[in-house]
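Below is one structure; the comments refer to it alone.
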Amino acid sequence: MTFKSYWFSLLLVLVAALPGAAQTTTCLPATTQPADAPPDQVVQDFPAGGKAETGWKITYGRAVGKGLYITGAYFRRTPSEPYTQVLYDARLADIFAPYDPGTPRYYDLTGFNFRLVPVSSVDLGSCGSKLDRYVVKEIRDREMLWKDDKQGRRAQEMTIWGTLDASNYNYIMRYGFQDDGTITFRLGATAYNLPGHELVAHTHDGLWKIDMDLGGAKNNLVQVARHLQSKDSFEASYVISPFGDGYEDYLDWLPEEYTELHVINTSIVNANGNPIGYDLKPMRSGSPRHFEAFSHHDFWATVYKENEIIYDQVPTYVNGESLSGNDSVIWYQSSVYHIPHDEDGRYVNNVWQGVALVMWTGFDLRPRNFFSKTPLYP
Ligand SMILES: [Cu+2]
807 MTFKSYWFSL
817 LLVLVAALPG
827 AAQTTTCLPA
837 TTQPADAPPD
847 QVVQDFPAGG
857 KAETGWKITY
867 GRAVGKGLYI
877 TGAYFRRTPS
887 EPYTQVLYDA
897 RLADIFAPYD
907 PGTPRYYDLT
917 GFNFRLVPVS
927 SVDLGSCGSK
937 LDRYVVKEIR
947 DREMLWKDDK
957 QGRRAQEMTI
967 WGTLDASNYN
977 YIMRYGFQDD
987 GTITFRLGAT
997 AYNLPGHELV
1007 AHTHDGLWKI
1017 DMDLGGAKNN
1027 LVQVARHLQS
1037 KDSFEASYVI
1047 SPFGDGYEDY
1057 LDWLPEEYTE
1067 LHVINTSIVN
1077 ANGNPIGYDL
1087 KPMRSGSPRH
1097 FEAFSHHDFW
1107 ATVYKENEII
1117 YDQVPTYVNG
1127 ESLSGNDSVI
1137 WYQSSVYHIP
1147 HDEDGRYVNN
1157 VWQGVALVMW
1167 TGFDLRPRNF
1177 FSKTPLYP
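Per this note's numbering, residue 807 is the first one in the sequence shown, and the count goes up by one each step.
Put into structure tokens, the structure is as follows:
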């Protein structure tokens, strides 16, 4: 290195250190896994690499025709308390892709035996690691957890994800476990538009099956929270009521009502005496309403049955059983509408070249009265 290039390099380092300057990525360290941990388990404390304040213990699974899914998630609010169960099982039960002309109509999980794509070095980026041949784990900064003028705290999460090779299409299945107890569920649609139908619009419907066992399978209550407002009044309010009046039922997401589900454990309270809970908060750009009956409503809640796993059949699972006192399963559809555009690709000598960039849909599960104060706050 010449004397001149040395000073230039030093200048670059100094500029990079300035606030607001482009930063090189700093990878957050993963928690050391317990020596006796089963291979499908991942433990991660937050803040990553710092003195533990909160932590997750999760298990995952993957299978041909099913992709990547979560088989258990446990969270602790402090390092000294035992983990509290949040999820028993959560997954995409199916991915439905109907094309506007009426055909084709693909069930990309139950209609095929699609496999996950082996993880590549591109998938890993600079901070990812392989959980196994098909699954990436990444611990990352997710910008601000909270701000209060000059004070603030950066937020972190662990994501685990894999890519389903759905023929011409790829689906990224991603689960995020955040430092504040939130779990994010994301389906990303990408890759080649359907050969022969490259310019035909269609939806990608993420059909989620969520079996929460909050504090265990018992005493879970599924509620509906609705915001009530009127153009004829300054006043607004909210109402929280049992899903389906306590029985298996369906529910529509209404944008004016900010519809969300609350799952609480009626027998476990936080330090303030409030039942611990989690909110299911939708992330969606529209509501699919296809010919198929399952798509006529956005949420369904049923009593857990080992053999009730097919989303297409959910309307037949709703048969008047009481949700109260039983282990409930929530079914939720989130969707993206894909109108092909030039950014998806183009024909070159009659051969399609190019891929659709990732389109995301999903939902979050966010703690409600699970903590008894602002998490991760002094
Ligand atoms: Cu598409």
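Just so it is clear, CB atoms sit at the ideal spot from N, CA and C, and this is done for glycine as well. Predicted model, so just to flag it, every value in this text is computed and none were measured.
For residue i, is the beta carbon positioned less than 8 Å from some heavy atom of ligand 1?
i     : result
N1185 : Because the chain here runs from 807 to 1184, residue 1185 falls outside it and cannot be looked at.
H1144 : yes
H1008 : yes
M979  : no
Y913  : no
A869  : no
A903  : yes
A972  : no
M964  : no
A1162 : yes
Y975  : yes
Look up residue i in the DSSP assignment and say whether it is helix, strand or coil.
i     : result
A764  : Lying before the first or after the last residue shown, residue 764 is absent from the chain, which here runs from 807 to 1184.
Y1117 : helix
S1178 : coil
E963  : strand
T1122 : helix
L993  : strand
G908  : coil
S1128 : strand
H1103 : coil
G1050 : helix
D895  : strand
D971  : strand
D1170 : strand
D1017 : strand
D1148 : helix
N1155 : coil
Which same chain residues, not among the five before or five after residue i, have their C-beta less than 7 Å away from its C-beta?
i     : result
P853  : E859, Q962, D985
L1013 : L898, A899, D900, I901, F902, Y1117, Q1139
M1089 : S1140, T1167, G1168, F1169, D1170
S1043 : L1034
S1073 : N1025
Does the distance from the C-beta atom of residue i to that of residue j stay below 9 Å?
i     : j     : result
D900  : Y1117 : yes
A1107 : D1058 : no
H1033 : E1062 : yes
T990  : F1169 : yes
D1085 : V1109 : no
S1141 : T1009 : yes
G753  : K857  : In this structure the chain extends from 807 to 1184, so residue 753 is not present and cannot be described.
W952  : G958  : yes
G855  : E1004 : no
D1019 : D1133 : yes
For residue i, which residues of its own chain have a beta-carbon under 8 Å away from its beta-carbon, when the five flanking residues on both sides are left out?
i     : result
S935  : A836, V942, K943, E944
A1099 : P1121
G861  : T837, V849, Q850, D851, F852, F881, R882, P885, Y889
C933  : T831, C833, L834, E944, I945, R946
L820  : Reliability fails at L820, whose pLDDT of 44 lies under 50, so the model's placement of it is uncertain and the value that follows must be treated cautiously. No residues qualify anywhere along the chain.
V870  : N919, F920, R921
Spatial neighbours of residue i within its chain, please: C-beta separation below 6 Å, excluding the five flanking residues on both sides.
i     : result
R948  : A961, E963
A1007 : D906, I1145
A1031 : I1046, E1066, H1068
D1017 : Y894, D895, V1135
L1060 : none
T965  : E944, R980, G982
R911  : P904
### Query
Whole beta strand (DSSP E) runs in the segment 1052–1082 with 3 or more residues, listed along the chain?
The segment 1052–1082 is shown to contain whole beta strand (DSSP E) runs of 3 or more residues at 1055–1057, 1066–1075, in chain order.
### Message
I'd like the ranges of any alpha helix (DSSP H) spanning at least 4 consecutive residues and lying wholly in the segment 914–956.
### Response
Complete alpha helix (DSSP H) runs here, min 4: 927–930.
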